[in-house]
Structures are given as C-alpha cells and as structure tokens.
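Peer 1: Please see the structure below; I have some questions.
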Amino acid sequence: MPSLSKIASDIPPSGIRRFFDIAASMKDVVSLGVGEPDFVTPWGIREAAIYSLERGQTSYTSNYGMIELRRLIAQHLDLRYDATYDPDHEVLVTVGVSEGMDIAMRAILNPGDEVLIPEPCYVSYKPCVLLAGATPVSIGTTAQAGFGPTVDQLRAAITHRTKAIVFGFPSNPTGATLSRERLQEIVDFAAEHDLFVVSDEIYDRLTYEGSHTCVASLDNAHERTILLNGFSKAYAMTGWRIGYVCAPADVLAAMVKIHSYTIMCAPIMAQKAAIEALLRGETAVEDMVGHYNRRRRVIVEGLNEIGLTCHLPQGAFYAFPSIKKTGLTSEEFAEKLLFEERVAVVPGNAFGIGGEGHIRCSYATALDKIDEALYRMARFLKKIGLQEELEAVVA
Ligand SMILES: Cc1ncc(COP(=O)(O)O)c(C=O)c1O
C-alpha cells in the first residue's frame, strides 16, 4: 500500500474519543465525559429548519454564508460585546468552530512558524497547527494561575518564528475565564510582537460570574484577531455543524479561499436554523445557562466534599478537579473509575501540559446523574483508600 501522509500519521488520536468508545460499549455508565449539551435544540430553531426544507430551500449559499445570517452575527457581536465587524467582508459562516480553527491555521501559517498554545486546552488546537505544517509551542498553566498564561510565560516561549497565539476562554477543559485586564495584557503582548491572536469563544454565553470579554473588542485587537464562535454550545446545536469566523477582510479572504475549495458553504438548513437562533433563541439560552449554573454548584461542592479539590469554574460546563492526592495518573484514575464504578470522565492529560493530575467532569448532564456519579466516585475513592472521612458520605 502507498504510504500515508507523515503529518496525519504522526498525530495521535484524540484522548477524549478513546474513553467515549470504551464507555459506549459498557452498560449502566454514568457519563460526565461528553462535552455537549444534554438539551435538544430548542423547538423554534428546529422548526425554522423544517419549514425551510418544506419550502424546498436545499441549495448552496454564498461561500461566505447567507448575508442575512452574517448581518445577524455582526449585529449580535456589536450589541453584546461592542465588537464591530463588516458582515460583507469580515464574517464567514463555517461548519462549526472546528472548521474555523482549521482554516484559520491554514490561512496564517507557513512551515516552520510557531504557535503559542496555553494548555490545558481544547484537543483540536495542536493538531490544527500541525496539519498546517507549523509547530505548536505548549505553555503549561496551573490552577494557581487561574489556568491562564502569564505574559512572562509568553515572553519566555516566543522566538523569531512565533506567528500566533491560540486560546479559548471560557476554557474547555478547565472552565476558567480570564479577566478583561489579563486578556488585554495578552493582546498587548501580541501587538508588541506582531502576532495573530486566535480566540475560540464558543463558550461565551456560558459565563456564570461577571460578563464575557470578547477579545476582538479589546484595544489594538481587531486588526490581529481571528474570532471563532458557533452555535453548538449556547443553542444546543452540536449536530447542526454551524459556526462562524470573524477577522479583518484580508485575513478572512484567505480563509474563504480554503473554505470555498474544501467546504463550499455551510449547509443551508443549518444556516436557516442559526438565523432563528439569533432572532429568537435568547430565552432558551438563558434557561439552559440557568440549569448549567445550578449543576455547576452541585458538582463542585460534591467533588470537594468527596475529597477531590476543585476550583469553581467560571464558565463552560466542565469541572476540573485535582486527583493528585490519589497518587494515580489521570489516565489510571479515569480507566479505573470507568471499569470499577462505571463513571466516565476524561483524563486531564488529554488536554496537554498542566492537565495531568486532573480529570474533566462535564456537568452538561441531569442533576440526578451528577448525584449518582458523585456517589459512585466517593465509593471509588473509599475503595482506593483516599480518605477515612468518606465513611460518612457513602454510608
Ligand atoms: C473549546 C471548543 N472549541 C471548539 C469546539 C468544537 O465546536 P464546533 O461544534 O463548533 O465545531 C468544542 C467542542 O467541544 C470546544 O469545546
């Protein structure tokens, strides 16, 4: 057989998928593993897509996406965050943030370029850099530093080959957010060194404390920022595969070229649904965020109670407790917990440097399942002899 691409062969499969596959083959598993809403897409949004199909709207759209949707996206960013984009030339509708990240990297990177990536972070950032032929440079962050990079760390990692910095706050897997001031420091650093800033803000609406800062709205940010966002999380639309990229016109034009040859356009039904989401989806978003917020408090309190130290995440729908006390690696912990107690979590090392010693527990699941998972985890910790005081919890 002819050989495969070296880059594709060398990229390891996602550490998240492996655990999903094992869990899916087992019975009676309580899953805190999945990073997607347990809600279905609100009815009004589904209905808009059904109605557009009934009217026979099944064609391609503009490569950029429908202008009505792009105008709504620009309006939404302007009203909510004071981030200004021209819907004609600075907004591209994509097949989710996943596609957005891929074409962003391919549009800005040349072989040999380096990209700074604060970790732990979402699993696709590094592979997208590698697939673009460039080199990811990991920067480990810690719970003590709020799981965000310091400017000193960025300064220590930069070389003359550094082209961009990629991050996403609120963060998957840590749930961390960064203050406006800290984000401004990162943008100032990027401006000082003429770097692109690629900001994945897919969890913007799932911010529980204070308000979300859109990186593109910061001083000196617009001309170097590639803003990625989408409908998957806030509107419970993971299966629709719809998102968007905003960037200065010349940067966006490069992305549109790649998008037009590889994707052509996002599906028209998903675009129709996204229009409805932006027009009338707000009440549903607020309702779902209210549920996540309640679950967040329950799971974090529960994890701390059973002995796994966990900071209160400010956004997204993940708790990221430390399992260091157990003496197990995050993979050992996740595997044993799955096989012995049938609770699925994701080992922290799947998310890069700084993830080891933690597990990611998604609370995008019903409260009774969270309670059951906590009960089983307490029993597991007792079995592996973590703490005596567990008697009281498990009894
Ligand atoms: C941080 C982050 N970015 C991007 C994605 C993928 O988003 P999309 O469904 O828009 O491709 C995910 C999905 O889990 C995510 O957690």
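Here the sequence shown is numbered in the numbering used here, starting from 8 and rising by one per residue.
The beta-carbon is built from N, C-alpha and C at its ideal position, and this holds for glycine as well.
Classify Gln278: buried if its beta carbon has 16 or more other beta carbons within 10 angstroms, exposed otherwise.
Peer 2: Buried, since its Cβ has 16 or more Cβ neighbours within 10 Å.
Peer 1: If you draw a straight line from the C-alpha of His83 to the C-alpha of Val104, how long is it?
Peer 2: Going by the C-alpha atoms only, they are around 17 Å apart.
Peer 1: Please go through the segment 135-212 and give each complete alpha helix (DSSP H) segment of 4 or more residues, from N-terminal end onward.
Peer 2: Fully enclosed alpha helix (DSSP H) runs of 4 or longer: 158-164 and 187-199.
Peer 1: How would the residue list near ligand 1 read, in chain order, if you kept each one whose beta-carbon is closer than 6 Å to any heavy atom?
Peer 2: Every residue passing the under-6 Å Cβ criterion appears here: Gly42, Gly103, Val104, Ser105, Tyr129, Gly175, Asn179, Asp207, Ile209, Gly237, Ser239, Thr245 and Gly250.
Peer 1: Three-state secondary structure (DSSP) at Leu99?
Peer 2: Strand, per DSSP.
Peer 1: Can you give me the C-alpha to C-alpha distance between Gly309 and His318, rounded to a whole angstrom?
Peer 2: Each residue's alpha carbon lies about 12 Å from the other.
Peer 1: Helix, strand or coil, according to DSSP, for His318 in the structure here?
Peer 2: It is coil, neither helix nor strand.
Peer 1: Would you report the Cα separation of Tyr129 and Tyr67, rounded to the nearest angstrom?
Peer 2: Rounded to the nearest angstrom, the two C-alpha atoms are 31 Å apart.
Peer 1: For Tyr268, tell me which candidate among Leu259, Asn70 and Gln64 has the shortest Cα-Cα distance.
Peer 2: Comparing Cα-Cα distances from Tyr268 to each of Leu259, Asn70 and Gln64, the minimum goes to Asn70.
Peer 1: Along the chain, where does the beta strand (DSSP E) that runs through Ile18 open and close?
Peer 2: Run containing Ile18: none; DSSP gives neither H nor E here.
Peer 1: Rounding to the nearest angstrom, what Cα-Cα distance links Glu395 and Gly334 in this structure?
Peer 2: Confidence in Glu395 is poor, its pLDDT being 48 and thus under 50, which makes the residue's placement unreliable; the coordinate value appears in the next sentence. Each residue's alpha carbon lies about 16 Å from the other.
Peer 1: So the candidates are Phe154, Val350 and Leu225; which of them puts its Cα closest to the Cα of Thr91?
Peer 2: For the residues Phe154, Val350 and Leu225, the minimum Cα distance to Thr91 belongs to Leu225.
Peer 1: Just checking my contact of Glu208 with Gly175 at CB under 8 Å: how many whole Å lie between their CB atoms?
Peer 2: Yes, Glu208 and Gly175 are in contact; Cβ-Cβ is about 7 Å, under 8 Å.
Peer 1: What would DSSP say about Val36, mapped onto helix, strand or coil?
Peer 2: Val36 falls in the coil class under three-state DSSP.
Peer 1: Where does Lys390 land, buried or exposed, given buried means 16+ other C-beta within 10 angstroms?
Peer 2: Under this definition Lys390 is an exposed residue.
Peer 1: Expressed to the nearest angstrom, what Euclidean distance is found between the alpha-carbon atoms of Phe26 and Ile313?
Peer 2: Cα-Cα distance, rounded: 23 Å.
Peer 1: What span of residues does the alpha helix (DSSP H) with Ser59 cover, start to end?
Peer 2: From DSSP, the alpha helix (DSSP H) with Ser59 extends over Trp50 to Glu61.
Peer 1: Quick test of your reading: Ala323 and Cys368, contact by CB under 8 Å. State the CB separation rounded to the nearest angstrom.
Peer 2: Not confirmed; about 12 Å, so no contact.
Peer 1: Can you pull the DSSP bridge partners for Glu126?
Peer 2: BP columns for Glu126 point to Gly147.
Peer 1: Mind checking whether the beta-carbon of Gly40 lies closer than 7 Å to any heavy atom of ligand 2?
Peer 2: No copy of ligand 2 appears in this structure; the ligands present are ligand 1.
Peer 1: For the beta strand (DSSP E) that Tyr88 lies in, which residues bound it at each end?
Peer 2: Here Tyr88 belongs to no beta strand (DSSP E); instead the alpha helix (DSSP H) covers Ile74 to Tyr88.
Peer 1: Quick check on this structure: which residue in Ser21, Gly155 and Leu374 has the alpha carbon closest to the alpha carbon of Gly361?
Peer 2: Among Ser21, Gly155 and Leu374, the Cα nearest to that of Gly361 is on Gly155.
Peer 1: Going by DSSP in three states, Glu395 sits in which element: helix, strand or coil?
Peer 2: Low local confidence applies: a pLDDT of 48 at Glu395 is under 50, so the model's placement there is unreliable, with the coordinate-based value given in what follows. Coil, per DSSP.
Peer 1: Taking Gly51 as the reference, which of Leu381, Arg248 and Met244 has the closest Cα?
Peer 2: Checked all of Leu381, Arg248 and Met244; the closest Cα to Gly51 is Met244.
Peer 1: Taking the straight line between their C-alpha atoms, what separation do you get for Ser178 and Thr184?
Peer 2: Using only the alpha carbons, I get a separation of about 7 Å.
Peer 1: What are the boundary residues of the beta strand (DSSP E) that includes Thr91?
Peer 2: That residue, Thr91, is in no beta strand (DSSP E); it is neither H nor E in DSSP.
Peer 1: What's the gap between the Cα of Ala256 and the Cα of Asp95?
Peer 2: Taking the straight line joining both Cα atoms gives about 9 Å.
Peer 1: Which first and last residues belong to the alpha helix (DSSP H) in which Val307 is found?
Peer 2: Run containing Val307: Glu289 to Glu312, per the alpha helix (DSSP H) assignment.
Peer 1: Using the beta-carbon count (16 or more within 10 Å), is Asp17 buried or exposed?
Peer 2: Exposed, because fewer than 16 other Cβ atoms sit within 10 Å of the Cβ of Asp17.
Peer 1: Quick check: Val352 and Ile23, are their CB atoms within less than 8 Å of each other?
Peer 2: No.
Peer 1: Would you list, in sequence order, the uninterrupted alpha helix (DSSP H) runs of no fewer than 4 residues that lie entirely inside the segment 328-365?
Peer 2: DSSP runs (the alpha helix (DSSP H)) wholly in the segment 328-365: 337-348.
Peer 1: Using 10 angstroms around the beta-carbon of Lys4, count the other beta-carbons present and answer buried if the total reaches 16, otherwise exposed.
Peer 2: Outside the shown range of the chain (8 to 402) lies residue 4, about which nothing can therefore be said.
Peer 1: Rounded to whole angstroms, what is the Cα-Cα separation between Arg386 and Ile377?
Peer 2: Using only the alpha carbons, I get a separation of about 14 Å.
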